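Heads up, the numbering used here is the position in the sequence shown plus 1145, with the first residue counted as 1.
For glycine and all other residues, C-beta sits at the position ideal for the given N, C-alpha and C.
Please read these numbers as outputs of a predicted model, since none were measured by experiment.
First comes the structure, then the notes that go with it.
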Amino acid sequence: MIRRLLARFWPAPLPAPVPAPVASVSPRDIGLHDAILDGWFLNDTGELLKGFAITADDTLLDVGCGEGVATLFAVRQGASVIFTDSEHDKVRDLARQVDAQSDKQNLGLVSNSLPLPLADGCASKVVCMEVLEHIDEPEPFMAELVRMGRPGALYLLSVPAPVGEHLQKGIAPASYYQSPNHVQIFSPERFAAMVEDAGLVIEHRQATGFFWVMGMIFFWASERAAGRDLSGAVRDRIQAPYPPLMESWAKTWQDLLAQPNGLAIKQMLDQFMPKSQVIIARKPLDADDATGRRA
1146 MIRRLLARFW PAPLPAPVPA PVASVSPRDI GLHDAILDGW FLNDTGELLK GFAITADDTL
1206 LDVGCGEGVA TLFAVRQGAS VIFTDSEHDK VRDLARQVDA QSDKQNLGLV SNSLPLPLAD
1266 GCASKVVCME VLEHIDEPEP FMAELVRMGR PGALYLLSVP APVGEHLQKG IAPASYYQSP
1326 NHVQIFSPER FAAMVEDAGL VIEHRQATGF FWVMGMIFFW ASERAAGRDL SGAVRDRIQA
1386 PYPPLMESWA KTWQDLLAQP NGLAIKQMLD QFMPKSQVII ARKPLDADDA TGRRA
């Protein structure tokens, strides 16, 4: 009787509402948005990076093409493309995409680029991004890149920045600093000197990618926590489904960029702890054109 009275006047509380699931955020999508804010992939002007425009009159050489981000951007601008990678599967898959989108003469090569089986001066634009750090002897590799460009050709080059590389040394496995991963760490001075010693004139330099420095730290932390084998090539490991820690970081970065001063904070952090250092350089037209400045 007492229980029935209590139930009448003090009914059982309703169960707590179940919170709606939070939509996952792709680190790659946020990374792309972050890159666009830095001047990458400017479709309206045909600039792969601000200051590096590609037109239908160009032949672009993409060395170490990987998934082909630069190659496919050039194809969308109507350029002819030559793309190379040491991995057959990468070249094969990219060739299929290029053939589906372009009616120009294009060429895909499986090569370690020492040497490249191409004629001197075959390209008006040369791209080599996040490749030189994988090369045991980067100076001869750089000389091959210069040989491929015709006089006046523009080069877009990038390597990891040392601050991010050294930070990861306490977190990443030892294999991250062994072949086929990163066997070189370039100071800004060494990177610039290598480009200029190869005969190019530096037009522009920038630092970019704080988002990915932190993203890689969260990636390694997640991989270790999951007990996964950390050996092998790194770039092929960062695929969906992403670790929750990386997705949480991507959501935090997305929220930061949406703040009124978000872009200013991003730019400050990019300078403080960049993932990559980028150089746009030009091959001189002749000996009298071999002077320039470091931007």
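Length of the line joining the Cα atoms of residue i and residue j
i                  : j                  : result
phenylalanine 1331 : alanine 1198       : 26 Å
alanine 1264       : alanine 1426       : 21 Å
glutamate 1212     : valine 1243        : 12 Å
glutamine 1416     : serine 1393        : 23 Å
glycine 1184       : arginine 1373      : 36 Å
glutamate 1278     : proline 1325       : 10 Å
arginine 1241      : proline 1405       : 42 Å
serine 1269        : proline 1333       : 26 Å
leucine 1182       : phenylalanine 1336 : 24 Å
leucine 1312       : arginine 1173      : 21 Å
lysine 1314        : leucine 1430       : 42 Å
leucine 1414       : glycine 1360       : 14 Å
lysine 1396        : valine 1276        : 29 Å
arginine 1382      : phenylalanine 1364 : 10 Å
glutamine 1384     : leucine 1177       : 14 Å
proline 1296       : histidine 1233     : 30 Å
glutamate 1446     : proline 1386       : Because the chain is modelled from 1146 through 1440, residue 1446 falls outside the range shown and cannot be assessed.
arginine 1237      : alanine 1245       : 13 Å
glutamine 1323     : glutamate 1289     : 23 Å
lysine 1428        : threonine 1204     : 15 Å
leucine 1259       : histidine 1349     : 27 Å
Within 8 Å, strictly: CB atoms of residue i and residue j
i                  : j               : result
cysteine 1210      : lysine 1235     : yes
alanine 1343       : valine 1291     : yes
serine 1303        : valine 1423     : yes
leucine 1206       : cysteine 1267   : yes
alanine 1306       : lysine 1420     : yes
glutamine 1351     : isoleucine 1175 : no
methionine 1293    : leucine 1261    : yes
proline 1283       : methionine 1339 : yes
tyrosine 1444      : valine 1255     : Given that the chain is displayed from residue 1146 to residue 1440, the structure contains no residue 1444 and the question cannot be resolved.
leucine 1239       : alanine 1215    : no
phenylalanine 1228 : glycine 1191    : no
isoleucine 1362    : isoleucine 1316 : yes
Span of the beta strand (DSSP E) around residue i
i              : result
lysine 1195    : Looking at the DSSP string, lysine 1195 is not in any beta strand (DSSP E), and its letter there is neither H nor E.
aspartate 1244 : No beta strand (DSSP E) contains aspartate 1244, which is instead part of the alpha helix (DSSP H) from 1233-1246.
glutamate 1348 : 1346-1353
leucine 1312   : Note, leucine 1312: premise wrong, no beta strand (DSSP E); alpha helix (DSSP H) at 1307-1313.
aspartate 1207 : 1204-1208
alanine 1201   : Where alanine 1201 is concerned, there is no enclosing beta strand (DSSP E), given that its DSSP letter is neither H nor E.
glutamine 1384 : Careful: glutamine 1384 lies outside any beta strand (DSSP E) and carries neither H nor E.
aspartate 1230 : 1225-1230
serine 1421    : 1421-1427
7 Å CB neighbourhood of residue i in its chain, flanking five on each side removed
i              : result
aspartate 1281 : Val1328
alanine 1201   : Gln1222, Gly1223, Ala1224
leucine 1187   : Lys1195
alanine 1370   : none
valine 1170    : Glu1392, Ala1395, Lys1396, Gln1399
glycine 1309   : Val1358, Met1418, Pro1419, Lys1420
glycine 1354   : Asp1415, Pro1419, Lys1420, Ser1421
Residues near residue i in its chain [Cβ-Cβ closer than 6 Å; skip 5 each side]
i            : result
serine 1367  : Pro1388, Leu1390
serine 1247  : Val1220
lysine 1249  : Ser1225
proline 1166 : Because proline 1166 carries a pLDDT of 48, less than 50, the predicted location of this residue cannot be relied on, and the following value inherits that uncertainty. Counting only Cβ-Cβ distances below 6 Å, and skipping sequence neighbours, we find nothing.
Residue i - containing alpha helix (DSSP H), residue span
i               : result
isoleucine 1175 : 1172-1182
methionine 1293 : 1283-1293
methionine 1274 : Element bounds for methionine 1274: not the alpha helix (DSSP H) but the beta strand (DSSP E), 1268-1274.
aspartate 1415  : 1407-1417
arginine 1335   : 1333-1342
threonine 1086  : Residue 1086 lies beyond the stretch modelled for the chain, which goes from 1146 to 1440, so this question has no answer here.
aspartate 1400  : 1389-1402
Rounded Cβ spacing between residue i and residue j (contact assumed at less than 8 Å)
i                  : j               : result
methionine 1418    : valine 1358     : 5 Å
serine 1231        : asparagine 1257 : 5 Å
phenylalanine 1356 : aspartate 1189  : The Cβ separation is near 23 Å, so there is no contact.
Same chain, Cβ closer than 8 Å to residue i, neighbours up to 5 away in sequence not counted
i            : result
leucine 1408 : Leu1182, Leu1402
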